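> The structure is given below, and queries will be raised subsequently.
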Amino acid sequence: MTSISEEELAELRERGKRLSAVYVYEAPLRAWHWLNALAIVCLCLTGYFIGQPLPTMPGEASANFLMGYIRFVHFTAALLFVVGFIGRMYWALVGNHHASQLFILPFWKGVWWVEVWEEIRWYLFLKREPRKYVGHNPLAQLAMFFFIVLGSLFMIFTGLALYSEGLMQGSWADKIAGWVLPMLGGSADVHAYHRLGMWIFVVFIIIHVYVAIREDIMSRQSIVSTMISGVRTFKDDRAE
Ligand code: HEM
Ligand code: HEM
């Protein structure tokens, strides 16, 4: 199934052509989406308890390793998260044109900002008809760039900086992110910033899941199933 750009969709609309389904999200992108989502939920849960440790377990200390297991799960999910993000950046280079949407915001296009505003009005129930988009709508693109691209980079560098404390100076993590510790005011502050980052991710997830399900119901195109099958179907493809 062919994949088309927003411009091609607009041209089809102008010619009054009918359009029912388009292939948008390729398999590596979809796999990354769900694995990344799983890793982030895991990181939030284990991260929460790293900062707010559970009460001491009864019995000999040597017989208990609960916090150790929680930190082990955190670090494993964290490294999957880092490798996944590098893979997603690579796919933005080699995937179809929708794959780079997450990383490239067309902020120089005035019409793009107009459409961001139009989406805000639609989400605020101030508009009756939604626009159709093959890929991400401009507001989703803007939100995902800040929350996911910049947010993930922030969590990766603060996380690796914290991880470098355990691996000691001169380690690979220290070489990559050791500079973050003094820059952000030391270990305790980096813990606090890293934790704040978790709550920002939690806010993103709540809004993102609400919008995905809401748009699946209210917009004139498939949303949730598109991130499962990769295909965007249009419920009503009459020209606007
Ligand atoms: C979305 C991604 C992530 C979330 C939500 C998250 C969440 C958290 C939270 C809430 C804490 C506890 C902070 C505190 O209150 O002291 C924490 C600690 C930590 N995280 Fe993450 N984290 C994420 C990604 C990462 C990454 C990518 C790494 C890098 C390897 C990492 C490494 C660490 C380390 C080393 C600690 C400190 C462990 C300790 O002090 O015992 N995290 N994380
Ligand atoms: C931790 C949880 C999640 C995170 C961090 C997350 C993150 C993302 C990101 C970064 C994208 C853009 C994909 C890309 O261009 O590479 C995306 C798209 C999408 N996500 Fe999630 N997601 C999460 C959970 C979910 C859940 C639970 C659902 C289903 C209800 C969902 C539905 C979607 C849909 C439908 C899209 C495509 C939107 C469109 O068609 O433009 N996501 N998500």
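Letter by letter, the sequence shown follows residues 1 to 240 of this note's numbering. Glycine residues also receive a C-beta, built at the ideal position from the N, C-alpha and C atoms. Note that this is a predicted model, so its numbers are computed, not measured.
(1) Going by DSSP in three states, Val203 sits in which element: helix, strand or coil?
(2) If you measure between the beta carbons of Glu119 and Pro106, is that distance less than 8 Å?
(3) Any heavy atom of ligand 1 inside 7 Å of the beta-carbon of His208?
(4) Take Met144 and list the residues in its own chain whose beta-carbon comes closer than 6 Å to its own, dropping the five residues that flank it on each side.
(5) Assuming Val82 is part of the alpha helix (DSSP H), what are its boundary residues?
(6) So, under 8 Å CB-CB, Trp34 and Gly84 are touching, yes? Tell me the CB distance rounded to an integer number of Å.
(7) Which whole-angstrom value describes the C-beta separation of Cys42 and Val73, a residue pair presumed to lie in contact below a C-beta threshold of 8 Å?
(8) Going by other Cβ atoms of all chains shown within 10 Å of its Cβ, with 16 needed for buried, is Ile40 buried or exposed?
(9) For Ile217, I'd like the list of residues in its chain whose CB is within less than 8 Å of its CB, leaving aside the five on either flank, ordered along the chain.
(10) What does a CB cutoff of less than 6 Å around Glu115 pick up in its chain, not counting 5 residues either side in sequence?
Let's see:
(1) As a first step, residue 203 is located in the sequence shown; it is residue number 203 there, counting from the start. Note: Val203 maps to helix in three-state DSSP.
(2) Against the sequence shown, residue 119 aligns to sequence position 119. Against the sequence shown, residue 106 aligns to sequence position 106. It is not a contact, given that the beta carbons lie outside the stated cut-off.
(3) Residue numbering aside, residue 208 sits at position 208 when the sequence shown is read from its first letter. No, Cβ of His208 sits at least 7 Å from all heavy atoms of ligand 1.
(4) The residue you call residue 144 lines up with position 144 of the sequence shown. Excluding residues within five positions, the ones whose Cβ falls inside 6 Å are Leu102.
(5) On the sequence shown, residue 82 is found 82 positions in, with the first residue counted as 1. Looking at the DSSP string, the run of the alpha helix (DSSP H) that includes Val82 is Leu66 to Val94.
(6) As a first step, residue 34 must be located in the sequence shown, where it is residue number 34. As a first step, residue 84 must be located in the sequence shown, where it is residue number 84. Their Cβ separation, rounded to whole angstroms, is 11 Å, which puts Trp34 and Gly84 out of contact at 8 Å.
(7) Taking the sequence shown and counting its residues from 1, one reaches residue 42 at position 42. Taking the sequence shown and counting its residues from 1, one reaches residue 73 at position 73. The pair is a contact, with the Cβ atoms about 6 Å apart (cut-off 8 Å).
(8) Within the sequence shown, residue 40 is the residue found at index 40, counting from 1. With 16 or more other Cβ atoms within 10 Å, it is buried.
(9) On the sequence shown, position 217 is the one that residue 217 refers to. Counting only Cβ-Cβ distances below 8 Å, and skipping sequence neighbours, we find nothing.
(10) Taking the first residue of the sequence shown as 1, we reach residue 115 at position 115. Excluding sequence neighbours, Glu115 sits near Pro138.
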